[in-house]
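For the sequence shown, the positions run 2 to 303 when the working numbering is used. Glycine included, C-beta positions come from ideal geometry on N, C-alpha and C. The block underneath contains the structure these notes are about, expressed in structure tokens.
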Amino acid sequence: MIVSSQLPRMPKEYIVRLVFDKRHDNLIVLRGNKVIGGITYRMFQERNFVEIVFCTVSTDEQIHGFGTRLMNHLKDYLKTRVEYMLTYADENAKGFFKKQGFSETILIDRKMWRGYIKDYDSATLRCCRLFPQVNYSNIRKLVSNQWESVYRAAAARSHHRAVYTLPPEPLTNVAAIPGLAEAGWDEASLQEQVKPANDLQERLNKLLSEVWDHSDSWPFRQPVLVEEVKDYLTFVKTPMDLSLMKKRLAGKYYTDAKMFLDDLHLIVNNAKTYNAKSTSYYKCADNIEKFFLARSAEILKD
Numbered sequence: 002m003i004v005s006s007q008l009p010r011m012p013k014e015y016i017v018r019l020v021f022d023k024r025h026d027n028l029i030v031l032r033g034n035k036v037i038g039g040i041t042y043r044m045f046q047e048r049n050f051v052e053i054v055f056c057t058v059s060t061d062e063q064i065h066g067f068g069t070r071l072m073n074h075l076k077d078y079l080k081t082r083v084e085y086m087l088t089y090a091d092e093n094a095k096g097f098f099k100k101q102g103f104s105e106t107i108l109i110d111r112k113m114w115r116g117y118i119k120d121y122d123s124a125t126l127r128c129c130r131l132f133p134q135v136n137y138s139n140i141r142k143l144v145s146n147q148w149e150s151v152y153r154a155a156a157a158r159s160h161h162r163a164v165y166t167l168p169p170e171p172l173t174n175v176a177a178i179p180g181l182a183e184a185g186w187d188e189a190s191l192q193e194q195v196k197p198a199n200d201l202q203e204r205l206n207k208l209l210s211e212v213w214d215h216s217d218s219w220p221f222r223q224p225v226l227v228e229e230v231k232d233y234l235t236f237v238k239t240p241m242d243l244s245l246m247k248k249r250l251a252g253k254y255y256t257d258a259k260m261f262l263d264d265l266h267l268i269v270n271n272a273k274t275y276n277a278k279s280t281s282y283y284k285c286a287d288n289i290e291k292f293f294l295a296r297s298a299e300i301l302k303d
């Protein structure tokens, strides 16, 4: 049996029970009449996610990409039914699932999945978001077309084949470099490029200051002391706090507003993942989220 050969430490009786569980579905790949791989999954459509229970391919077929094909076909089937896929992946499987779009950032609210999926020792919960407009079975062609479009657009604007000769006299003005103007560079345009970056920095500083000063931001101003909260990293794989965001902002880490807001969302999601809904930490996270969403709509608007 393929699953038991790939998961030798898991009892065969347990594997059989999960594969043939009437609440589970299976997608398999055949070579001739032989099963060479498959995915066992359980649909929680009313909770907007699917749990991947097993995803295995026989050892001698793993280099042929059958695991990716299986996953892409499953994504196409599920993408109009649910928005998220969840699975527990151990160290041996994390590379595969990363390539399939799974990450340790759990985007779906904890209350939607907590208590509904099986926990596994020595494995980490991972999440993949599905997009209905993407044709996953033809994803390579999609990416290829995107690269080709970018290349054509860049080539149409490029002057890389033009060769310019420097004048014999020393140049005292950068704008006088031959070919620079033809490439679209001039002092005015350079100044215009600097302005938006500085403007964004000012807006992000303002938003972060307001979030920091909010009365409910106190649990998130400094990193969680993992020496004291010993199981924190079991549930939260990507810690984030406002002091780290301050350092990132000072170092011009954020090149756009989305990166900044992603870190704020990460703070909120981490708090809601680790803490029960009845706790003050969860309520603070809720209040901070409402606050920064409202203020970002105002401060970061065009």
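Counting C-beta pairs closer than 8 Å gives fewer than three between the stretch 237-252 and the stretch 171-184, which falls short of the contact rule. For VAL83, the closest of ASP91, LEU71, ASN199, PHE50 by C-alpha to C-alpha distance is PHE50. In the structure shown, THR280 adopts coil according to DSSP, grouped into three states. Shown here, ARG111 sits in a helix according to DSSP, grouped into three states. For VAL30, the enclosing beta strand (DSSP E) covers residues 26-32.
In the structure shown, SER123 adopts coil according to DSSP, grouped into three states. Ranked by Cα distance from GLU62, the first of ASP77, VAL225, GLY39 is GLY39.
For PHE50, the enclosing beta strand (DSSP E) starts and ends at 50-58.
For ILE29, the number of other beta carbons within 10 angstroms of its own is below 16, and it is reported as exposed. Take the alpha-carbon of PRO133 and the one of TYR42: they are about 19 Å apart. Between the stretch 108-126 and the stretch 264-274, the count of C-beta pairs closer than 8 Å reaches three or more; the two stretches touch. Judged by DSSP in its simplified three-state form, GLY39 adopts strand. In this structure the stretch 139-157 does not touch the stretch 81-99; the number of beta carbon pairs closer than 8 Å is below three. Here CYS129 is near LYS76, since their CB atoms are less than 9 Å apart. Counting along the chain, the unbroken beta strand (DSSP E) around TYR89 starts and ends at 85-90.
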